[in-house]
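**Q** One structure follows; several queries about it will come next.
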Ligand code: HEM
């Protein structure tokens with residue numbers, strides 16, 4: 007619970023942390039600036055876990071003036087908020103954390119940017135209607151059909167790594183970056199030769215929505231988002247004109263057969279999936295290598311017995327999720343973990359913290375692939391918005407690990423990663439915890 011004793015004075019209108027105070031959550035201008043909230047830094051992703059532990063113990067529901075959100079850190083509180091969509095709406099899930107500057111706003115207006123969230127920031131009944139149609143198109147049959155190609159691609163990349171005489175690799179660049187991007191582009195029927203373009207657009211989306219950018223820094227990203235949205239609209243038009251054997255064409259056919267979904271809603275779904283469908287999976291695959299190799303005995307356990315891989319993936323998702331914080335908005339005055347929040351307030355749910363909460367996970371700070379309840383993690387959210395692509399993400403991580411334990415059993419973190427990967431850097435972001443590189447070597 008927020009305590010007055012944690013609050014310290016700062017000159018009026020001046021944020022002691024140098025943030026501009028444009029939070030899109032609760033613009034509660036009357037709130038006093040606080041002390042450092044136990045070291046919690048909203049955009050710092052290098053090692054947020056000690057501050058998460060302190061927040062759970064000392065301030066499990068605290069108002070953070072730097073971003074204008076209530077920050078919730080305990081498992082039960084977060085799950086309860088996710089579960090109560092009538093009180094806590096997801097409509098702010100895609101709102102820019104920092105307000106759009108005038109130049110970026112103009113660029114996006116001139117470029118006809120009208121994209122809205124595909125699903126995650128939509129609310130019932132609209133969300134229910136679109137999700138039902140999306141779910142029918144996004145079938146296991148469709149993505150399982152891709153499995154042989156994904157596997158062949160993973161094998162050829164790992165073989166190329168294993169053939170290097172200098173025995174050095176980097177798992178983000180060598181594997182995790184492209185594999186999920188190729189998968190989602192294929193699934194959607196987009197041009198797979200444009201991986202770098204889609205990654206550029208996705209980076210812009212992550213930075214513009216969850217980043218801490220100045221007005222000037224937003225400008226190139228605004229141009230990218232205009233291009234990205236135009237491409238989503240073009241894909242829908244192309245499916246209308248030519249049909250096709252892909253998810254976009256399935257959605258267009260569903261519409262033609264009477265499904266209640268507009269072209270704008272289909273394009274918005276593509277706008278979501280062409281980001282959500284690879285960004286977080288790239289991170290999951292990177293984290294599988296980063297975390298398992300930092301706990302080398304557990305990597306060896308997978309080399310010995312690859313049947314343990316699915317459980318290991320859930321433990322990686324628990325211990326080090328791709329998304330560590332997600333937002334909700336209170337639609338009514340309500341209580342969260344004993345703290346009163348007001349109608350209109352924004353909440354940042356720290357799933358990265360919930361996943362280590364001792365009240366749910368014994369020795370939660372320890373990585374343990376034999377943990378029996380790892381699957382209770384909240385890394386895919388919970389409730390009506392539960393991640394649509396969770397099985398596709400896990401399938402790809404499983405293929406990567408299955409092939410890696412065969413082709414590179416001697417894999418280990420390179421010394422440049424620091425002890426147990428402690429020198430690996432992460433991008434600054436409010437929600438996405440993305441390792442920049444995972445340098446590796448291997449025993450001859
Ligand atoms: C490790 C990989 C992934 C992680 C950690 C992840 C995480 C999440 C989270 C936290 C949410 C919000 C849940 C909530 O609000 O309760 C979400 C929703 C969603 N995810 Fe994922 N995701 C991943 C992979 C994917 C993939 C591969 C796709 C494929 C297209 C995808 C598509 C979606 C969609 C469409 C939603 C919105 C669902 C809705 O609002 O009904 N995700 N995901």
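In the numbering used here, the protein residues as written are 7 to 450. No residue lacks a Cβ here, since even glycine has one placed at the ideal position from N, Cα and C. As the structure is a prediction and not an experimental result, all values here were calculated from the model.
(1) Would you report the Cα separation of residue 276 and residue 140, rounded to the nearest angstrom?
(2) In the DSSP assignment, the alpha helix (DSSP H) including residue 88 goes from what residue to what residue?
(3) Residue 118 bridges to which residues according to DSSP?
(4) Have a look at the DSSP bridge pairing and note the partners of residue 441.
(5) Using 8 Å as the threshold, is the C-beta distance between residue 246 and residue 258 below it?
(6) When you compare each of 204, 385, 440 and 182 to residue 359 by their alpha carbons, which one comes out closest?
(7) Let me check understanding here. Comparing Cα to Cα, which of 411, 436 and 430 lies closest to residue 444?
(8) Please go through the same chain and pick out, in chain order, the residues whose beta-carbon is closer than 7 Å to the beta-carbon of residue 286, but skip the five residues on each side of it.
(9) In chain order, what are the residue ranges of uninterrupted alpha helix (DSSP H) at least 4 long that sit wholly in the region 300-387?
(10) Among 350, 423 and 231, which one has its Cα closest to the Cα of residue 95?
(11) Based on the DSSP output, what are the partners of residue 448 in its beta bridges?
(12) Taking only the alpha-carbon atoms, compute the straight-line gap between residue 416 and residue 172 and give it to the nearest angstrom.
(13) Can you name, in chain order, every residue of its own chain whose Cβ lies under 8 Å from the Cβ of residue 151, other than the five neighbours on each side?
(14) In whole angstroms, what separates the C-alpha of residue 312 from that of residue 91?
(15) Considering only their Cβ atoms, is the gap separating residue 283 from residue 124 smaller than 8 Å?
(16) DSSP three-state call for residue 254: helix, strand or coil?
(17) Go through its chain and collect everything with a Cβ distance to residue 260's Cβ below 6 Å, but skip five positions before and after it.
(18) Do the CB positions of residue 196 and residue 239 come within less than 8 Å of each other?
(19) With 16 other CB atoms within 10 Å as the buried threshold, where does residue 412 fall?
(20) Express the C-alpha separation of residue 64 and residue 149 in angstroms, rounding to a whole number.
(21) Counting only runs of 4+ residues fully inside the region 118-174, write out the alpha helix (DSSP H) ranges in chain order.
(22) Go through its chain and collect everything with a Cβ distance to residue 422's Cβ below 6 Å, but skip five positions before and after it.
(23) Can you find the residues in the same chain that come closer than 7 Å, C-beta to C-beta, to residue 404, ignoring five residues on each side of it along the sequence?
(24) On a Cα-Cα basis, can you pick out the residue from 219, 402, 189 and 226 that is closest to residue 102?
(25) Since residue 234 and residue 207 should fall inside the 8 Å C-beta cutoff, what is the C-beta to C-beta distance between them, to a whole number of angstroms?
(26) Secondary structure at residue 68, three-state DSSP: helix, strand or coil?
(27) Could you check where the beta strand (DSSP E) with residue 277 kicks off and where it finishes?
(28) Measuring from the CB of residue 187, is there a heavy atom of the ligand COA at a distance below 7 Å?
(29) Assign residue 94 to one of three DSSP states: helix, strand, or coil.
(30) Report yes if the C-beta distance between residue 88 and residue 434 is below 8 Å; otherwise report no.
(31) Check whether the region 152-162 touches the region 172-189, taking contact to mean three or more Cβ pairs, one atom from each stretch, closer than 8 Å.
**A** In brief:
(1) Rounded to whole angstroms, residue 276 to residue 140 spans 10 Å at the Cα level.
(2) 81-89 is the span of the alpha helix (DSSP H), which, as asked, contains residue 88.
(3) Beta-bridge pairing links residue 118 to no other residue.
(4) Under DSSP, residue 441 takes part in a beta bridge, and its partners are 432.
(5) In this structure, residue 246 lies near residue 258, with their beta-carbon atoms less than 8 Å apart.
(6) For the set 204, 385, 440 and 182, the Cα lying nearest the Cα of residue 359 is the one of 385.
(7) For residue 444, the nearest C-alpha among the options comes from 430.
(8) Correct list, in chain order: 328, 329 and 399.
(9) Here the runs fully enclosed are 302-310, 315-325 and 357-360.
(10) Nearest option by C-alpha distance: 350.
(11) Under DSSP, residue 448 shares a beta bridge with 417.
(12) When rounded, the distance between both Cα atoms is 14 Å.
(13) Taken in chain order, the list of residues that qualify is empty.
(14) Spanning the two alpha carbons is a distance of roughly 39 Å.
(15) Cβ atoms of residue 124 and residue 283: not closer than 8 Å.
(16) Per DSSP, reduced to three states, the secondary structure at residue 254 is helical.
(17) Cβ within range, chain order: 139.
(18) Cβ distance not < 8 Å, so residue 196 and residue 239 don't count as in contact.
(19) Exposed, by the Cβ-count rule.
(20) In this model, residue 149 and residue 64 are separated by some 44 Å (Cα to Cα).
(21) Here the runs fully enclosed are 132-143, 146-150 and 153-168.
(22) For residue 422, where only same-chain residues beyond five positions count, the Cβ hits under 6 Å are 445.
(23) Same-chain partners within the cutoff: 315, 316 and 319.
(24) Among 219, 402, 189 and 226, the Cα nearest to that of residue 102 is on 219.
(25) Yes, they are in contact, since the Cβ atoms of residue 234 and residue 207 sit about 4 Å apart, within 8 Å.
(26) The DSSP-derived three-state label of residue 68 is strand.
(27) Element bounds for residue 277: not the beta strand (DSSP E) but the alpha helix (DSSP H), 269-282.
(28) For the ligand COA, the structure offers nothing, since it holds only the ligand HEM.
(29) Assigned with DSSP and collapsed to three states, residue 94 falls in strand.
(30) It is not a contact, given that the beta carbons lie outside the stated cut-off.
(31) Yes, they touch.
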